[in-house]
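In what follows, a structure is listed as structure tokens, so that the remarks can point back to it.
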Amino acid sequence: MDLSKIVEGILGRMLQAEEGIDELTIQKIEIKLGIHLPKVLKDFYAVVGNIPLFVEGHHCFLDLEELLIKDDKLIFLAENQQVLHWAVDLSDTKTIYQTPDAIQETNLVWYEEAFDLERFLEMMLFVQCMYADEVYHTMLEGGYAHFAYLEAANLEEDTLSLLLANLEKQWQNAVRGNDISVFLYPESMLLYFIDEQDNLDKTSMIWLCTKDEQLFDRWVDSYGFMEL
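Under the numbering used here, the first residue of the sequence shown is numbered 43, with each subsequent residue one higher.
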């Protein structure tokens, strides 16, 4: 899917050229690294490389100047606690790996992700938006205004079944896999973690963000979401 269309759907507006990184700047980095960036990663930086919400709102996409090659893999993303790093295999430009090792070390241990690069970046757009601090939303036209969470384990089974049925019937399931499921509704987004059968992990949280205050109030009242 076109990354720009996903971002415009999230923000509810057209993107501006200056919100991405220009082609010449990207080409200079490619020359410096001696590689061609995988097309979808290049597209990511070209589309949202200058939008803090998407590049540093939760996890941190490395600045182009900080991109690093280790073990024939291009490291491009650091986890928010700097414990994990993600990289794309340069031999096929699709396979994503994560490592818990410090990237300055040698002999890194790599673990393959379920999603390929394109699906991984699509997923990350939603993850960044959902988990970003409120300030990243307030500084951006199209940012979200209302945030809440719910502990799945605290819900009665009937209420949980009603919530999940509502999602399946009225919301669009934009992502399912790689441990998470993301649902979309006009001006709204919901995310939860999934188990090996792609069902809700009932030990995890359910996260909601929306621009629609009335929808927010309904979900708080109906299911017991806690406002953030």
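All residues carry an ideal CB built from backbone N, CA and C; glycine is no exception.
query: Nearest residue (CA-CA) to V90, options M56, I111, K70; result: M56
query: N208: first and last residue of the uninterrupted alpha helix (DSSP H) it sits in; result: 199-212
query: Limits of the alpha helix (DSSP H) - the one that W261 falls within; result: 255-265
query: In DSSP terms, what I248 is bridged to; result: L192, Y234
query: Exposed unless 16 or more other CB atoms sit within 10 angstroms - verdict on K84; result: buried
query: Check whether F189 and W261 have beta carbons under 9 Å apart; result: no
query: Outcome for H78 when other beta-carbon atoms lying within 10 angstroms are tallied against a minimum of 16; result: exposed
query: At least 3 beta-carbon pairs within less than 8 Å: the region 148-164 vs the region 231-243; result: no
query: Helix, strand or coil at D158 [DSSP, three-state]; result: strand
query: Contacting residues, own chain, Cβ-Cβ under 6 Å from K253 (five flanking each side not counted); result: Y186, A187, E229
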